[in-house]
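Asks: Pasting a structure below so you can have a look.
Protein chains: 2
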Amino acid sequence: MPRPRAANQATAAHLRLRREIVSGRLQQGSALGEPGLARRYGTSRAPIREALIALEREGLVRFEKTGRTRVRSFSGSEMREIMEARAAIEGMAARLANRLWTEEDTVALEKNIAAQERATDLAALSRLDIDLHHHVVTRGDNASLIRLWEPLRWQWEAHLVEIYRRQSGDDFVPEKETIRAHRHLLKALAEGTPAEASEAMMNHILFNLRWAR
Amino acid sequence: MPRPRAANQATAAHLRLRREIVSGRLQQGSALGEPGLARRYGTSRAPIREALIALEREGLVRFEKTGRTRVRSFSGSEMREIMEARAAIEGMAARLANRLWTEEDTVALEKNIAAQERATDLAALSRLDIDLHHHVVTRGDNASLIRLWEPLRWQWEAHLVEIYRRQSGDDFVPEKETIRAHRHLLKALAEGTPAEASEAMMNHILFNLRWAR
DNA sequence: ATCGGTAAAAGTGTCGACACTTTGAGAGCA
DNA sequence: TGCTCTCAAAGTGTCGACACTTTTACCGAT
Numbered sequence: 001m002p003r004p005r006a007a008n009q010a011t012a013a014h015l016r017l018r019r020e021i022v023s024g025r026l027q028q029g030s031a032l033g034e035p036g037l038a039r040r041y042g043t044s045r046a047p048i049r050e051a052l053i054a055l056e057r058e059g060l061v062r063f064e065k066t067g068r069t070r071v072r073s074f075s076g077s078e079m080r081e082i083m084e085a086r087a088a089i090e091g092m093a094a095r096l097a098n099r100l101w102t103e104e105d106t107v108a109l110e111k112n113i114a115a116q117e118r119a120t121d122l123a124a125l126s127r128l129d130i131d132l133h134h135h136v137v138t139r140g141d142n143a144s145l146i147r148l149w150e151p152l153r154w155q156w157e158a159h160l161v162e163i164y165r166r167q168s169g170d171d172f173v174p175e176k177e178t179i180r181a182h183r184h185l186l187k188a189l190a191e192g193t194p195a196e197a198s199e200a201m202m203n204h205i206l207f208n209l210r211w212a213r
Numbered sequence: 001m002p003r004p005r006a007a008n009q010a011t012a013a014h015l016r017l018r019r020e021i022v023s024g025r026l027q028q029g030s031a032l033g034e035p036g037l038a039r040r041y042g043t044s045r046a047p048i049r050e051a052l053i054a055l056e057r058e059g060l061v062r063f064e065k066t067g068r069t070r071v072r073s074f075s076g077s078e079m080r081e082i083m084e085a086r087a088a089i090e091g092m093a094a095r096l097a098n099r100l101w102t103e104e105d106t107v108a109l110e111k112n113i114a115a116q117e118r119a120t121d122l123a124a125l126s127r128l129d130i131d132l133h134h135h136v137v138t139r140g141d142n143a144s145l146i147r148l149w150e151p152l153r154w155q156w157e158a159h160l161v162e163i164y165r166r167q168s169g170d171d172f173v174p175e176k177e178t179i180r181a182h183r184h185l186l187k188a189l190a191e192g193t194p195a196e197a198s199e200a201m202m203n204h205i206l207f208n209l210r211w212a213r
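What follows is the structure, given as structure tokens:
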């Protein structure tokens with residue numbers, strides 16, 4: 001058998017396509033024709049097909065009944081569902097994260113939150129936000145949970161990009177409520193109170209539902 | 001574009017392979033060579049490849065670094081992780097299920113639990129157990145959550161089959177504790193107390209961790 | 001009998017081709 | 001101008017082939 005399955009063209013195409021979607025270069029609803037992508041990437045259709053299957057299971061593209069593939073768009077109720085799923089996963093992750101939580105973790109999150117307070121645009125704040133949540137999920141140290149979380153992360157990110165496109169972020173200020181929620185979560189994690197950490201995480205995510213739609 | 005993506009050979013191979021794995025006909029650790037499967041299913045390698053990719057993302061098979069594909073086996077700690085993930089997903093689903101819960105749902109679950117009490121072998125009980133959890137998850141009416149739950153369900157089922165193989169279930173009696181937990185969950189759902197339903201579900205699943213390893 | 005080396009067998013990643021289906025662009029008609 | 005029908009263009013599902021790599025089975029030497 002050939003090279004490691006991580007360094008093949010199918011995986012490369014998968015990562016590249018995902019980056020193009022979550023960065024907004026590929027707009028929601030765009031048709032993804034296999035011959036076109038194959039030409040663009042300098043490969044045949046086989047690796048492209050594999051990449052599309054992986055992206056579909058990640059929820060970033062959709063196969064229409066006709067067979068066509070398009071970049072997925074997220075309705076308000078779909079985003080609500082995604083956020084509820086995030087609350088479930090990340091709430092459990094926060095609970096589990098207490099097992100291995102260290103002083104370094106606390107310091108890292110404090111730095112992150114401080115940076116959030118100084119953020120001057122929505123894109124930068126979002127990146128910090130995602131990093132913070134990623135840190136907690138990873139610290140849950142549960143491969144199954146992490147694997148379930150990843151699609152949600154990409155869907156979330158793809159939706160955020162769509163939001164940037166609509167609102168020209170001139171009058172931007174970090175939301176005080178989000179910062180407060182992050183501090184509350186960090187406090188629970190640092191003090192080692194799993195139930196409270198879990199609840200803080202879930203409430204924080206579900207609270208965002210008001211503007212996610 | 002051709003026939004609906006649900007009625008193609010790739011999907012057929014996916015479903016068929018999954019059935020063979022969760023039914024135990026394909027033992028854990030078995031090598032899944034594409035040419036062999038293609039011959040067995042009377043197709044070329046292309047649909048088989050697609051099916052294997054889907055199965056890998058479902059967590060039922062594993063790609064080794066060498067490129068080989070094998071039916072996944074579950075270690076004790078992996079099962080613990082899977083059960084923790086189930087607790088997260090199903091706990092949230094139970095909470096959400098209260099929105100649409102009806103009298104018919106209550107009746108259906110009562111019937112299910114009554115059948116569990118009369119079950120005479122582990123396989124039958126497991127099927128009822130899975131049905132019950134499936135019912136609750138579906139009633140959560142959250143597509144994202146359901147989609148995340150499916151891989152866990154198949155992994156859970158694949159592991160159960162492995163358990164049957166080991167213990168010849170001669171001296172079988174339904175576990176009183178499981179029945180009690182199911183009744184407690186149903187009570188919370190029927191009475192419309194979301195927080196309690198969620199907690200009942202999570203505790204029930206995490207309690208099983210003692211014998212799952 | 002065991003061990004090491006060698007060559008054949010089997011397997012994966014990728015490619016191009018073909019049949020069939022859907023899309024849609026343009027011609028013909030009202 | 002607007003509508004319908006027809007036919008070409010584009011796309012998907014599937015197949016067989018090829019190059020390269022790993023595995024394995026065999027054979028000889030010790």
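Chains A and B, in that order, are what the protein sequence lines are. This note's numbering numbers the first residue of the first sequence as 1 and each following residue consecutively. This note's numbering numbers the first residue of the second sequence as 1 and each following residue consecutively. Yeah, the Cβ is synthetic: ideal placement off N, Cα and C, and Gly gets one too. The model shown is predicted, which means the values in this text are computed figures rather than measured ones.
1. Are the beta-carbon atoms of residue 181 of chain B and residue 159 of chain B separated by less than 8 Å?
2. Starting from the C-beta of residue 128 of chain B, find all residues in its chain whose C-beta is less than 6 Å away, skip the five residues before and the five after it, and write them out in chain order.
3. Taking only beta-carbon atoms, is residue 29 of chain B less than 8 Å away from chain A?
4. In chain order, what residues of the region 72-92 of chain A put their CB closer than 8 Å to some CB of chain B?
5. I'd like the list of long-range same chain contacts for residue 135 of chain A, defined as Cβ closer than 8 Å, with 5 residues on each side in sequence excluded.
6. List the DSSP bridge partners of residue 69 of chain B.
7. Measure the C-alpha to C-alpha separation of residue 8 of chain A and residue 130 of chain A and round it to an integer number of angstroms.
8. Closer than 9 Å, Cβ to any Cβ of chain B: which residues of the region 34-55 of chain A, in chain order?
9. May I ask you to report which of helix, strand or coil DSSP gives residue 7 of chain A?
10. Please go through the same chain and pick out, in chain order, the residues whose beta-carbon is closer than 6 Å to the beta-carbon of residue 24 of chain B, but skip the five residues on each side of it.
11. List the residues that DSSP assigns as beta-bridge partners of residue 31 of chain A.
12. Which residues in the same chain have their Cβ closer than 7 Å to the Cβ of residue 183 of chain A, if we skip the five residues on either side of it in sequence?
13. If you measure from the beta carbon of residue 57 of chain A to each beta carbon in chain B, is any gap under 8 Å?
14. So what does DSSP say about residue 76 of chain B, is it helix, strand or coil?
15. Give the single residue among A:179, A:38, A:186, A:188 whose Cα lies nearest to the Cα of residue 207 of chain A.
16. Residue ranges of each alpha helix (DSSP H) run of no fewer than 4 residues wholly in the region 138-179 of chain A, ordered along the chain?
17. Using beta-carbon positions only, say whether residue 87 of chain A and residue 145 of chain A come within less than 8 Å of one another.
18. Does DSSP put residue 132 of chain B in a helix, a strand or coil?
19. Reducing DSSP to helix, strand and coil, say where residue 1 of chain B ends up.
20. Would you check if the distance between the CB atom of residue 82 of chain A and the CB atom of residue 155 of chain A is smaller than 8 Å?
21. Let me know if residue 35 of chain A comes out buried or exposed under the rule of 16 or more other beta-carbons within 10 Å of its beta-carbon.
22. Just mark residue 51 of chain A as buried or exposed, buried being the case when its beta carbon has 16 or more other beta carbons within 10 Å.
Replies: Reading it off the structure:
1. no
2. Excluding positions up to five away in sequence, the list reads 112, 115, 116.
3. no
4. 78, 81, 82, 84, 85, 87, 88, 89, 91, 92
5. 105, 108, 109, 112
6. Per DSSP, B:63.
7. 28 Å
8. 46, 49, 50, 53, 54
9. coil
10. 161
11. A:70
12. 113
13. yes
14. helix
15. Closest in alpha carbon position to residue 207 of chain A, among A:179, A:38, A:186, A:188, is A:179.
16. 143-166
17. no
18. Assignment of residue 132 of chain B by DSSP, reduced to helix, strand and coil, places it in the helix class.
19. No answer about residue 1 of chain B holds up, because its pLDDT of 32 lies below 50 and its placement is not dependable.
20. yes
21. exposed
22. Label assigned to residue 51 of chain A: buried.
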